[in-house]
Amino acid sequence: MTIAVRERNESAWLLTPRGGVDHRLRDDMRRFDDDDEVDLVVVGAGAGGSALTQRLARKGWRVVALDAGPFWDPEQDWVSDEAGSHQLYWTEPRQIGGSDPVPLGSNNSGRGVGGSMVHYAGYTPRFHPSDFSTFSTDGVGADWPIAYEDLKPYYEQMEAELPVAGQTWPWGDPHGYPYTPHPVGGNGELFLRGAERAGIEARVGPVAITNGRFGNRPHCIYRGFCLQGCKVNAKASPLITHLPDALAHGAEIRADSMVTRVEVDERTGRATGVHYVRDGRQRFQRARAVAIAGYSIETPRLLLNSASDRFPNGLCNDFDLVGRYLMVQGAPQTGGRFDAEVRMYKAPPPEVSTEEFYETDPSKPYKRGFSIQTVSPLPITWAEHIMAQGHWGADFRNYMSDYVHWACLGALCEFLPQPGNRVTLADEKDRNGMPVAHFSYSQCENDRQLVKAATAVMERILKAAGADEVVTIDRYAHLVGGARMANRPEDGVVDGECRSFAVPNLFITDGSVLPTQGSANPALTIMAVATRAADRLIAGPDAPRREDAAASVPARA
Amino acid sequence: MNGGERVPPGDVAPRFPGFDVLDQADHWDDATRSVVLSRVHALPPIRFFTPEEEAAATCLLDRLMGQDDDLDPHRIQLVRMVDGRLAERETDGWHYDSMPQDDQAWRDSLAGLDADARDRYGRSFAECGLEQQRELLSAIHGSDQERWHGMPPKQVWSLWTRYAATAFYSHPEAWNEIGFSGPAYPRGYKNRGVDKREPYEVPDARPSDDPVRGRRG
Ligand SMILES: Cc1cc2nc3c(=O)[nH]c(=O)nc-3n(C[C@H](O)[C@H](O)[C@H](O)COP(=O)(O)OP(=O)(O)OC[C@H]3O[C@@H](n4cnc5c(N)ncnc54)[C@H](O)[C@@H]3O)c2cc1C
Ligand code: SF4
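For the record, the sequence lines run as chains R and U. With the numbering used here, the residue at position 357 of the first sequence is 357, and numbering never jumps. With the numbering used here, the residue at position 18 of the second sequence is 575, and numbering never jumps.
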């Protein structure tokens, strides 16, 4: 199997023998001129943007990916420290509102090459087949223009390329994983024990953390700082899983380049390139096609900010859909207190999950469901947990001094897509003069019932494991949607192949296109959707017709 | 400096006697060591807060984190850590649409605290006694009013506590107090699982001292 992976994506073999990033690849990177009309300019080198870039570069497309943030060197730039990792997050200003505002920052999106996967936890479950037709089956949410079977081959490819470790998966479309599960730490051990006693099925994984030999990727050292960027390069992010191969095939990754506007020719109706700011200077990259992959907040923001005579309400916004149906999963966290020491920081936070409650249960008053996973917050995040209970002062410190005794589980509840949950442009501007995003969020009744039900199950598991006390706080996780795919332009911004309905050579290839979110963490699905879109592009009318396309840049062997 | 002396407020003895995470600093990578040690030894001077704001913020942060003994040699310099973040605009990247951006929200809320203190006790927040300060804070924490000096009190509380807790629990002294082993690269952890410890980790001296059930000794 590794042979097949290497033929498709050689990234793991392009790291240094000790598993670090190879600076020669970056130093020798091909560089395009702003005036070169590249085949594709990609906005954002995160989960979706990087996977797309790698696939097309391999087929000889001339691709530039612009990212607002830095081109990270994990060894130099990242630290094994919570507060010291703030630069990984998108910390440009954003406003939040609505009746249930969703805090962003460290808990939401990243900035820099690799995107949010640089600091994601590393869970990589698939969506279930039922996720693609919740409207017809359950009467809630939306139907996708594609089915699970359309994504399945891409799920398999991504699981092999990241690669994913975990037990055989009994839920959704049952499947195995290329690597065996990791050993678990205290938190995972208690989840497994509690679930077994409570009669709930739980499994170890699925995590995109290497377990065994895979190219030059090092083994996990179980140090628990996955959400601060994996210095070890054991945890997958596109920075190590897709971009080395993209560079070797002649893609350019242009870091520190903030795209402010997509240009569309009013006469032809086609996108001609993107305006961006680099080193304080306004620049314009010409391109035959544009793909936006800036995350569910920045993608709608960029579209809305690219208004023109033809698109007075924002690019691709003829039907007032841009920014709408943004979703976030309800992610209550329940801590359980044990007299024994759990020391949950000694393992990657992603260890064990259950998807037993994922689907609609006809005996329940709510639709759809939730999954439950280990989360293992480090002290600062745990302190927020405790302060949210209302503790402060000496009482709070005393509570915190008990940290080593706590296990912590998190749920992911499938909150439903609603038109009023959306990104708009605020009056406030960023330092480039671009209006910042305003994100409004309000829950519906079904959402609240899911949180209650998920909390009850987490408490049951922890008590069954022997916890004498449990406490829960309400949180959110994972934003997707905001430029969803659909069968018709009246229902979505892009079609099932990620091509915008309004501009034939404009694509959106990130989490924004998801019409529903299931109770799975989204990164694997985002990459699957983006690589499927890449295959369609390669086979479609936009493929470069140059004689030499496939041979334009030979791979560095 | 011995971490073993780190005693939670109101407690008589440390929970992790003799544990000092800085003893392991030689095993950390360079980038991490320099970030962590700069919090201990090289905090920049105050740049953002005015002297009045600095005085109020010092007391506010210390009350929130229960650092009630001004003479405690282990007192963490919270105000300098928060000041540094605001001076460098190192925000969380979001703010409630009903609040100004973080830097302005800090100025406005500290002015609000001083105004409350003057109203109620005829002096600035910093000049109030510990109990008076705690009373003023309790009133904001428990408030069910829509606005407090023009801002939703819940969101003000969230702003203060987020900055305070991030500063406090980024400090090795605080890790000593809670038995957290801090950075672990490149060494990693070898002994994972319930009741397992690395050789340098210290067991909790009072494992049944459960804050939820109440102190059992
Ligand atoms: C703490 C945390 C834990 C998570 N854990 C998990 C997990 O365990 N499993 C999982 O599946 N998912 C997890 N996620 C979510 C996951 O990381 C994201 O859903 C996913 O990375 C989103 O992919 P994307 O392609 O939409 O955007 P991103 O990966 O965020 O990429 C967007 C990129 O675009 C760049 N960009 C944005 N705007 C512009 C612009 N105008 N110009 C240039 N560049 C721009 C950004 O710098 C960024 O690099 C987690 C997220 C967080 C924050
Ligand atoms: S626990 Fe493993 S995967 Fe997570 S950051 Fe550490 S080495 Fe990387």
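All C-beta atoms, glycine included, are put in the ideal place defined by N, C-alpha and C.
Chain-ordered, the residues whose CB falls short of 5 Å from any heavy atom of ligand 2 come out as R/Ile209, R/Cys220, R/Ile221, R/Arg223, R/Phe225, R/Cys226, R/Cys230, R/Val232, R/Ala234, R/Lys235, R/Pro348. Of all alpha-carbon atoms in R/Ala477, R/Ala12, R/Asn233, R/Ser363, the one lying nearest the alpha-carbon of R/Leu326 is that of R/Ala477. R/Val436 and R/Gly336 have their C-alpha atoms spaced approximately 39 Å apart. Rounded to whole angstroms, the Cβ separation of R/Tyr295 and R/Gly44 is 7 Å, and the two are in contact under 8 Å. At a Cβ-Cβ threshold of 8 Å, R/Pro350 and R/Gly122 count as neighbours.
Within the segment 623 to 653 of chain U, the runs of alpha helix (DSSP H) at least 4 residues long that lie entirely inside it are, in chain order, 635 to 644. If you check the CB distance, U/Ala588 and R/Val118 do not come in under 8 Å.
Scanning its chain for C-beta atoms nearer than 7 Å, with the 5 sequence neighbours on each side dropped, one finds around U/Tyr678 the residues Cys685, Gln689, in chain order.
Where R/Pro300 is concerned, there is no enclosing beta strand (DSSP E), although the alpha helix (DSSP H) around it starts and stops at 295 to 305. DSSP places R/Trp13 within a helical segment (H, G or I) once states are collapsed to three.
With a threshold of 8 Å between beta carbons, R/Glu459 makes no contact with chain U. DSSP places R/Gly335 in the uninterrupted beta strand (DSSP E) bounded by 333 to 337. With a minimum length of 3 residues, the unbroken runs of beta strand (DSSP E) contained wholly in the segment 394 to 480 of chain R fall at 406 to 413, 422 to 429, 435 to 440, 469 to 473, 476 to 480.
Contact with chain R is absent for U/Pro710, since none of that chain's Cβ atoms lies less than 8 Å from the residue's Cβ.
For R/Glu263, no alpha helix (DSSP H) segment is defined; the enclosing uninterrupted segment is the beta strand (DSSP E) at 258 to 264. For U/Phe737, the chain R residues whose C-beta falls within less than 7 Å of its own C-beta are Tyr345, Pro379, Tyr403, listed in chain order.
Checking the DSSP bridge columns, you'll see R/Gly330 partnered with R/Cys413, R/Tyr476.
Here R/Glu252 is bridged, per DSSP, to R/Val64.
For R/Tyr358, not one C-beta of chain U is nearer than 8 Å to its own C-beta. Taking the C-beta atoms as reference points, R/Val375 is found nearer than 8 Å to R/Gln333. Going by beta carbons, R/Ile461 and R/Leu409 fall inside the 8 Å limit. Contact annotation: in the segment 143 to 169 of chain R, no residue has its CB less than 9 Å from a CB in chain U. Note that the C-beta distance between R/Tyr148 and R/Phe127 is below 8 Å. Per the DSSP secondary-structure output, R/Ser353 pairs in a beta bridge with R/Arg203, R/Gln373. R/Asp22 has its alpha-carbon roughly 19 Å from the corresponding atom of R/Arg8.
R/Thr299 is not a Cβ neighbour of R/Asp138, given a cutoff of 8 Å. Between U/Ala762 and U/Arg572, the gap from beta carbon to beta carbon is short of 8 Å. Along the segment 386 to 415 of chain R, the positions whose C-beta sits under 8 Å from a C-beta of chain U are Met387, Gly390, Trp392, Gly393, Ala394, Asp395, Phe396, Arg397, Asn398, Tyr399, Met400, Ser401, Asp402, Tyr403, Val404, His405, read in chain order.
Less than 8 Å divides the Cβ of R/Leu303 from the Cβ of R/Ala483. Judged by DSSP secondary structure, R/Gly273 falls within the beta strand (DSSP E) whose first and last residues are 271 to 278.
DSSP places R/Phe132 in the helix class (H, G or I) of the three-state scheme. Within the segment 84 to 109 of chain R, contact with chain U at the beta-carbon level (separation under 7 Å) is assigned to Gly84, His86, Tyr89, Trp90, Thr91, Glu92, Pro93, Arg94, Gln95, Ile96, Gly97, Pro101, Pro103, Leu104, Gly105, Ser106.
Selection U/Asp580, U/Gln624, U/Glu758, U/Pro608 evaluated against R/Trp392 yields U/Gln624 as nearest (Cα-Cα). Counting along the chain, the unbroken beta strand (DSSP E) around R/Arg281 starts and ends at 281 to 286. Cβ atoms of R/Asp34 and R/Arg286 come within 8 Å of each other, at about 7 Å.
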